[in-house]
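So in the UniProt record's numbering, the last one in the sequence shown is 567, and the numbering has no gaps at all.
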Amino acid sequence: MSFWNKIKSLLGVGANDEPAGEKQRDEPADGGDGQRARTKPVVTASSSVAAKFSGASTPSPPARKPATTPTRPKTTATKQPAKAAPPNSPPTTGVLLGLSKDELRQRALKIDPYRTAWIGRVDTIPPQSDERTALIDRGLILRGLLSEEQIQEIHRVGDLWLRHHDALRLATSKAAKTVELAFEQMKRERAERKVQKQREAAERRRRRVEDVARRRAEDIIFLGSGVSSRLVDRRSHIEALTERGLPLLSTPADVARALGISVPRLRWLCYHGDAVERPHYVYFEVPKRSGGKRLLSAPHASLAQAQTWILRSILDKLPTENPAHGFVAGRSTVTNAREHLGRDIVVNLDLRDFFPTITFPRARGVFQRVGYSPAVATILALLCTECPRREVDYDGQRYWVAIGDRGLPQGACTSPALSNQVARKLDRRLAGMAAKHGWTYTRYADDLTFSAPPGKRSGIPMLLARVRHIVTEEGFTLHPSKGRIQRAARRQEVTGIVVNDKLSVPRDELRRLRAILHAAKTTGLEAQNREQRPDFEAHIRGKIAYVAMVDPEKAAPLRAALDALPR
């Protein structure tokens with residue numbers, strides 16, 4: 001509802017009263033040409049208000065004229081700003097206060113509401129300087145609808161609104177502009193922060209790349225899945241290493257310097273992969289005396305050099321148990337067999353898959369127990385172990401795929417010495433058990449030998465049961481088909497040497513050597529090389545040297561026969 005309609009409702013004027021200036025349709029004139037004549041009597045809303053105030057009826061419109069009277073042209077009300085009064089508007093408040101109802105009505109009829117700037121305005125209260133507003137105020141007072149104090153309060157509020165409206169609008173505009181500027185500033189700052197974060201992220205990536213490159217050149221933190229968990233621990237037992245006379249190594253860089261190679265080269269030699277294009281070993285098979293084939297792994301030159309350093313600098317300095325005769329300085333198959341010379345009963349047992357059973361974790365434990373840090377122990381164990389692999393072609397590319405766990409390879413110079421260290425507890429337990437029951441125990445690699453004087457044959461079942469139990473607890477397995485029980489009435493052999501009365505080479509081996517040397521007198525030595533060995537003469541000399549180590553008397557005529565052969 002507009003402001004004017006609110007005033008009319010307060011005055012009791014109906015909402016359906018016709019507004020001022022509405023055209024009325026006239027009847028056609030009597031003697032005219034049939035055209036309709038129009039008259040425009042002006043009945044303003046002010047006259048209706050005045051009539052209400054005076055209680056008189058609204059005056060009737062003027063009488064019709066024979067001719068059409070020209071209508072008064074419409075006047076366009078000029079809308080002024082909210083705080084400005086109409087131009088040349090005289091101060092009428094004081095003049096109107098003394099008007100009676102009739103005078104108020106007459107004056108209201110003279111006002112054209114559309115010539116005021118306040119008609120239709122619903123956003124403000126017109127000032128008292130406006131004549132039409134003053135008439136309405138006077139009418140409200142005369143009707144008793146409002147008091148003069150209330151009228152003054154209404155206009156005081158209106159004047160305050162007019163006074164501060166533009167300031168509010170300006171403040172609102174400034175606030176909107178400030179918000180817009182603040183939003184733009186926030187956008188710029190957000191964009192700047194984004195650019196700054198991108199620069200910082202790029203700098204972090206650059207530093208990380210440099211750090212990774214530097215660390216790859218100076219350190220090792222990953223060597224493959226399943227073997228790298230202890231590379232972060234660099235704590236070595238310096239006192240224990242010094243006491244044993246071992247090299248002081250704590251970090252991968254220390255190992256690389258000791259081996260005389262770079263850290264990246266050490267990483268390649270140690271890296272464990274399940275499928276590799278270039279393995280660290282050359283694989284080949286040789287036949288076993290008992291049938292089947294034995295897989296041998298020959299390390300590449302750089303890996304072989306690293307293993308040789310580990311053997312000479314670390315493993316050869318570690319003590320071994322007395323029963324161990326294999327791959328120990330000053331001991332051999334002869335010293336192993338001599339322990340069982342002239343016994344009533346000799347029992348030979350064999351450990352199944354001896355080298356492959358000694359896996360990477362067990363080899364790493366050897367180096368950790370002597371005082372090396374877990375990181376160094378991991379690297380040394382990786383240098384000394386390898387997975388059994390199978391050649392596979394995939395998508396036109398050849399790979400060597402791991403088919404088992406990492407263990408000691410047969411072909412690495414470190415495997416025998418490491419096996420002696422891993423089997424130290426096994427040797428102690430078997431030697432203690434054997435001594436308790438009157439038996440003698442020795443071990444050469446994977447060959448276990450027990451012997452006893454007369455009167456111990458009844459204890460053989462107990463011995464076998466105890467040995468099997470201890471071997472299983474120590475992580476090994478007895479070969480079920482390679483055990484032998486040899487009594488004094490028959491030939492007794494220990495690591496290929498007869499031990500019945502004295503140490504000697506088996507007769508069939510001596511006969512074979514004599515036959516080769518005898519036939520070579522007429523055919524030449526190379527004609528007897530039926531196995532196509534690359535240096536057959538060196539092979540024969542090695543056989544004779546082995547006989548000389550066991551029985552020098554029988555080796556002398558064999559060496560003389562070889563030297564007498566024509567060249």
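All C-beta atoms in this analysis are idealised placements derived from N, C-alpha and C, irrespective of residue type, glycine included.
Reference residue i, options the options, closest by Cα
{"i": "G226", "options": "V195, C387, T472", "result": "C387"}
{"i": "S415", "options": "D316, P480, G483", "result": "D316"}
{"i": "F476", "options": "D446, V370, A306", "result": "D446"}
{"i": "R121", "options": "L146, L162, G496, K110", "result": "L162"}
{"i": "S297", "options": "A519, A412, R567", "result": "A412"}
{"i": "R408", "options": "P356, M433, L259, A306", "result": "In the sequence on display, residue 408 carries Leu and not Arg. With distances taken between Cα atoms, L408 lies closest to P356."}
{"i": "A258", "options": "D274, G273, I310", "result": "I310"}
{"i": "A217", "options": "T440, E189, S262, R188", "result": "S262"}
{"i": "D159", "options": "R188, R143, Q128, L140", "result": "Q128"}
{"i": "R265", "options": "A256, E473, E285", "result": "A256"}
{"i": "A519", "options": "P506, A561, R312", "result": "A561"}
{"i": "Q421", "options": "G260, L318, P247", "result": "L318"}
{"i": "D130", "options": "L246, D233, I111", "result": "I111"}
{"i": "P279", "options": "E321, I141, L383, L142", "result": "L383"}
{"i": "T389", "options": "A275, K187, A176", "result": "With the sequence shown as reference, residue 389 is identified as Arg, and Thr is not the correct amino acid for it. Considering only alpha carbons, the answer is A275."}
{"i": "G483", "options": "E553, M433, T449", "result": "T449"}
{"i": "L246", "options": "Q185, S313, D233, E210", "result": "S313"}
{"i": "L99", "options": "L142, R132, R567", "result": "L142"}
{"i": "V467", "options": "R487, P566, A527, L351", "result": "L351"}
Same chain, Cβ closer than 8 Å to residue i, five either side skipped, listed in chain order
{"i": "N529", "result": "F536"}
{"i": "L503", "result": "V334, A337, R338, L341, I497, V550, D551"}
{"i": "Q307", "result": "P299, L383, C384, A412, C413, T414"}
{"i": "E148", "result": "I141"}
Same chain, Cβ closer than 7 Å to residue i, five either side skipped, listed in chain order
{"i": "R364", "result": "A377, T378, A381"}
{"i": "E391", "result": "R398, W400"}
{"i": "R457", "result": "I345"}
{"i": "residue 568", "result": "Only positions 1 to 567 of the chain appear in the structure, and residue 568 is not among them; the question remains open."}
{"i": "G224", "result": "Y271, H272, G273"}
{"i": "I358", "result": "G407, L408, L418, S419, V422"}
{"i": "K65", "result": "The predicted position of K65 is uncertain, since its pLDDT is 42 and thus under 50; a value taken from the coordinates is nonetheless stated next. Within the same chain, K65 has no close Cβ partners at all."}
Buried or exposed by the 16-neighbour rule on C-beta atoms within 10 Å, applied to residue i
{"i": "R107", "result": "buried"}
{"i": "V212", "result": "exposed"}
{"i": "V42", "result": "Low confidence applies to V42: its pLDDT is 37, below 50, so where it sits in the model is not reliable enough to give any reading."}
{"i": "Y394", "result": "exposed"}
{"i": "L249", "result": "buried"}
{"i": "P453", "result": "exposed"}
{"i": "Q196", "result": "exposed"}
{"i": "E200", "result": "exposed"}
{"i": "P126", "result": "buried"}
{"i": "A564", "result": "exposed"}
{"i": "P480", "result": "exposed"}
{"i": "D254", "result": "buried"}
{"i": "F284", "result": "exposed"}
{"i": "F354", "result": "buried"}
{"i": "K117", "result": "A small fix is needed here, since residue 117 is Ala in this sequence, not Lys. A117 comes out buried."}
{"i": "residue 568", "result": "Any property of residue 568 remains undetermined from this structure, which presents the chain solely from 1 to 567."}
{"i": "A198", "result": "According to the sequence displayed, residue 198 carries Gln and not Ala. By the neighbour-count rule (16 or more Cβ atoms within 10 Å), Q198 is not buried but exposed."}
{"i": "R362", "result": "buried"}
Cβ pair residue i, residue j closer than 8 Å
{"i": "A240", "j": "V366", "result": "no"}
{"i": "L478", "j": "L349", "result": "yes"}
{"i": "E221", "j": "R215", "result": "This sequence places Ile at residue 221; Glu is not what is there. Result yes, Cβ atoms of I221 and R215 sit closer than 8 Å."}
{"i": "A375", "j": "R204", "result": "no"}
{"i": "Q410", "j": "L295", "result": "yes"}
{"i": "V347", "j": "I485", "result": "yes"}
{"i": "A373", "j": "R235", "result": "Correcting the residue identity first, residue 373 is Ser in this sequence and not Ala. It is a contact, given that the beta carbons lie within the stated cut-off."}
{"i": "Y441", "j": "L430", "result": "yes"}
{"i": "G139", "j": "L181", "result": "no"}
{"i": "E474", "j": "K425", "result": "yes"}
{"i": "K554", "j": "V505", "result": "yes"}
{"i": "K293", "j": "V282", "result": "no"}
{"i": "D427", "j": "P323", "result": "yes"}
Same chain, Cβ closer than 6 Å to residue i, neighbours up to 5 away in sequence not counted
{"i": "F360", "result": "A381, T385, R406"}
{"i": "D137", "result": "I151"}
{"i": "R267", "result": "I220"}
{"i": "T320", "result": "V328, N420"}
{"i": "R331", "result": "H325"}
{"i": "A402", "result": "D274, C387, R389"}
{"i": "M433", "result": "R466"}
Next on the checklist: Across the segment 456-463 and the segment 296-310, are there enough close Cβ pairs to call them in contact, namely three or more that are closer than 8 Å?
Outcome noted: no
Next on the checklist: Is it the case that the segment 507-516 contacts the segment 541-556, given that we only count it when at least three CB pairs across the two stretches are under 8 Å?
Outcome noted: yes
Item to check | At least three beta-carbon pairs within less than 8 Å, the segment 333-352 to the segment 488-499 | outcome: yes
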